[in-house]
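With the UniProt record's numbering applied, the sequence shown corresponds to residues 1 to 266, in that order.
As structure tokens, the structure follows; a few thoughts come after it.
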Amino acid sequence: MQINRLDLVYSLFSIVNQNKTDDPDYVLAKYFLEHYTELSKLNIHEVAADCYVSRSSVRRFCQQIGYDNFKDLKDEFREFDYQYNYFMKLTDRDNYREWLAGELAKMVNELNQRMDTSEVDRIVERIHDSENVVFLSSYSSILFLMEFQRPLILSGKLVRVMTDTNMDIDFLLSLGENDYVMTVSATGNFARAVMPVITQLKAYKALMTTARISELEVPYDKVYHLSANDYSNVKSVYSKYGMEYVFDNLYSTYVRRYGTIIKNTK
């Protein structure tokens, strides 16, 4: 799986959110989002006609977001369909609020045991002491990582966040033993995609995940499992809420331990 092919739907929404409505990229992204359940029945001629663009424009669009051709894109939508159906099974229940509250309580309890104070302290210390710190994640995880990244600068620490859409492989390969790379991959899909790069890195490497796939753990110096259960390739409360909970605790610990460069002027 190519790194830049992950999170197709997020990529399409990004194009919709960032382009004008008369832009061909906007038109195609919007069309694919609105017709994804019908894509298996469509061909490139129909898409081009419906969107008032050329077939070459459709092909260029597919290549722009990481696919060789339109058929390749259709195949990826089938994978999203599987994940969507799983998510609906997860949320489509009469007692959803009560179920979710119970699952969140169990999640917090387990995370507090797995990521106890000493474990969090070790991660925070490595972030502080490492010359370069890079977090790798899929596009879907970038928001909570940026919420961790931005305020850290107030403590004098600059960390980088790279996703499947902006992976600087040359920079990663230049890192050494005093640098720290953490792959954040809730379901394991991103970890699998980035594995060929990870195996080449000389930096200290950590993986944070809810997946339990032994082959993905091989190139890492440390693996943080957020749950005793295996949530490979599926959505869960751990992937949706657990990662953010962990990184909020990491930031709080970092600030309390190392302070900020901003003086309180009260």
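Quick reminder that beta carbons are idealized off the backbone N, C-alpha and C, glycines included.
From a predicted model like this one, the values you see are computed outputs, not experimental measurements.
Per-residue DSSP class, three states only, for residue i
i      : result
Leu73  : helix
Leu216 : helix
Leu175 : coil
Met243 : helix
Lys106 : helix
Tyr238 : helix
Thr199 : coil
His45  : helix
Asp120 : In the sequence as displayed, the identity of residue 120 is Val instead of Asp. Three-state result, Val120: helix.
Tyr67  : coil
Tyr231 : coil
His35  : coil
Thr165 : coil
Thr253 : helix
Tyr96  : helix
Ser54  : coil
Ile142 : helix
Asn19  : coil
Thr91  : helix
Ile261 : coil
Residues of its chain near residue i, where Cβ-Cβ distance is below 6 angstroms and the 5 sequence neighbours each way are ignored
i      : result
Val47  : Val58
Tyr36  : Phe77
Val27  : Cys51
Tyr31  : Cys51
Met115 : Val246
Ser11  : Ile65
Ile127 : Val133
Between the CA atoms of residue j and residue i - distance to the nearest angstrom
i           : j      : result
Ser227      : Glu217 : 15 angstroms
Tyr261      : Lys157 : It is worth fixing the name first, because residue 261 is Ile in this sequence and not Tyr. Going by the C-alpha atoms only, they are around 10 angstroms apart.
Asn69       : Glu76  : 11 angstroms
Val223      : Asn17  : 35 angstroms
Ala186      : Val159 : 20 angstroms
Met195      : Leu136 : 11 angstroms
residue 318 : Val9   : Outside the shown range of the chain (1 to 266) lies residue 318, about which nothing can therefore be said.
Met146      : Val161 : 7 angstroms
Tyr96       : Ala49  : 42 angstroms
Ala193      : Leu173 : 16 angstroms
Arg5        : Asp164 : Reliability fails at Arg5, whose pLDDT of 48 lies under 50, so the model's placement of it is uncertain and no value is given.
Ala40       : Leu152 : The question names Ala, but residue 40 is Ser in the sequence shown. One C-alpha to the other measures close to 45 angstroms.
Thr21       : Val120 : 45 angstroms
Glu34       : Ala211 : 31 angstroms
Thr91       : Trp99  : 9 angstroms
Ser138      : Asn166 : 10 angstroms
Pro219      : Lys205 : 8 angstroms
residue 302 : Glu215 : Absent from the model: residue 302. The displayed extent of the chain is 1 to 266, so no value can be given.
Ile123      : Glu38  : 46 angstroms
Asp170      : Arg256 : 34 angstroms
Val184      : Asp25  : 29 angstroms
Tyr241      : Ser54  : 42 angstroms
Tyr67       : Gly188 : 21 angstroms
In DSSP terms, what residue i is bridged to
i      : result
Val9   : In the DSSP output, where bridge partners are listed per residue, Val9 has none listed.
Arg160 : Val134
Thr183 : Leu136 and Leu207
Tyr224 : Met208
Same chain, Cβ closer than 7 angstroms to residue i, five either side skipped, listed in chain order
i      : result
Lys202 : Leu175, Gly176 and Glu177
Cys62  : Asn69, Phe70, Asp72 and Leu73
Trp168 : In the sequence under discussion, the amino acid at residue 168 is Asp, which differs from the Trp named in the question. Within the same chain, Asp168 has close Cβ partners Met162.
Beta-carbon contacts of residue i that lie in its chain and below 8 angstroms, excluding the five residues immediately before and after
i      : result
Phe247 : Phe144, Leu145, Glu147 and Phe148
Contact between the stretch 92–104 and the stretch 226–241 (3+ Cβ pairs under 8 angstroms): yes
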